[in-house]
Amino acid sequence: MTKEQAAELAEKCGFSHWGFFQASDLRFLQEVRDMCAADKCHKYDNCWSCPPACGTLEESRAKASGYDWGILLQSTGAMEDDFDVETMMGTEEEQKSRLAAFVEALDAEERYLPMSSGACCICKTCTYPDAPCRFPDRMITSMEAYGLVVSEVCESADTPYYYGPGTITYTSCVLF
Numbered sequence: 017m018t019k020e021q022a023a024e025l026a027e028k029c030g031f032s033h034w035g036f037f038q039a040s041d042l043r044f045l046q047e048v049r050d051m052c053a054a055d056k057c058h059k060y061d062n063c064w065s066c067p068p069a070c071g072t073l074e075e076s077r078a079k080a081s082g083y084d085w086g087i088l089l090q091s092t093g094a095m096e097d098d099f100d101v102e103t104m105m106g107t108e109e110e111q112k113s114r115l116a117a118f119v120e121a122l123d124a125e126e127r128y129l130p131m132s133s134g135a136c137c138i139c140k141t142c143t144y145p146d147a148p149c150r151f152p153d154r155m156i157t158s159m160e161a162y163g164l165v166v167s168e169v170c171e172s173a174d175t176p177y178y179y180g181p182g183t184i185t186y187t188s189c190v191l192f
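In the working numbering, the protein residues as written are 17 to 192.
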């Protein structure tokens with residue numbers, strides 16, 4: 017896939033913004049993983065797509081090695097006020113749906129690595145730790161679980177992380 021094709025697909029899938037970055041710019045940080053371990057999202061040690069089940073930081077770094085570039089993909093929603101949970105949740109759902117459509121549209125022969133915003137949500141209840149993942153080929157691990165600081169990846173892609181008051185933005189990426 018070329019960057020031009022990736023941009024066309026991002027537009028077709030409905031992303032609000034996108035940008036490109038060099039995969040070599042990614043920094044896999046233990047500090048980010050430590051934030052996962054604080055379990056503020058209640059997903060740590062609770063699903064296959066999050067630490068520790070998704071693998072070590074070294075395994076994440078190894079998975080991401082060998083890719084040349086990535087596309088950053090964002091969905092931005094306009095909130096009525098700072099407590100507009102409906103827009104927050106709706107924009108997150110749109111982002112995950114758009115990322116799934118983007119990945120589904122890729123050629124099966126293409127080598128790529130998607131990273132989402134937040135934990136996998138394919139299943140209503142994850143089988144972790146009692147049974148294997150139901151959809152290991154569709155599960156997407158979050159950027160944070162890979163140890164990435166999302167705002168740094170945005171900076172590498174020359175794409176804003178924050179779009180101003182009254183907005184909420186969710187960010188994902190795909191490496192090629």
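Built from N, CA and C at the ideal position, the CB exists for glycine as well. Since the model is a prediction, treat every value here as computed from it, not as a measurement.
Can you tell me the Cβ-Cβ gap for residue i and residue j, rounded? I've got them flagged as a contact below 8 Å.
i: residue 87; j: residue 190; result: 5 Å
i: residue 136; j: residue 143; result: With 8 Å as the limit, residue 136 and residue 143 do not qualify as a contact, their Cβ atoms being about 11 Å apart.
i: residue 65; j: residue 161; result: 7 Å
Nearest to residue i by CA position, among the options, is which residue?
i: residue 167; options: 18, 182 and 186; result: 186
i: residue 151; options: 161, 159 and 139; result: 139
i: residue 67; options: 51, 79 and 175; result: 51
i: residue 23; options: 49, 42 and 122; result: 122
i: residue 69; options: 61, 75 and 76; result: 61
i: residue 63; options: 98, 156 and 124; result: 156
i: residue 83; options: 99, 39, 116 and 176; result: 39
i: residue 75; options: 49, 20, 141 and 176; result: 49
i: residue 81; options: 112, 43 and 101; result: 43
Checking 8 Å against the spacing of the C-beta atoms, do residue i and residue j come in under that value?
i: residue 169; j: residue 37; result: yes
i: residue 107; j: residue 132; result: no
i: residue 188; j: residue 89; result: yes
i: residue 183; j: residue 93; result: yes
i: residue 85; j: residue 192; result: yes
i: residue 54; j: residue 118; result: no
i: residue 134; j: residue 45; result: no
i: residue 79; j: residue 129; result: yes
i: residue 103; j: residue 96; result: yes
i: residue 17; j: residue 120; result: no
i: residue 172; j: residue 41; result: yes
i: residue 154; j: residue 29; result: no
So with Cβ pairs under 8 Å, would you call residue i a contact of chain B?
i: residue 136; result: Judged by its chain identifiers, the structure shown contains no chain B, having just a single protein chain.
Name the DSSP bridge partner or partners of residue i?
i: residue 81; result: Partner(s): none; residue 81 has no beta bridge.
i: residue 34; result: 89
i: residue 185; result: 92
i: residue 130; result: 190
i: residue 158; result: 132
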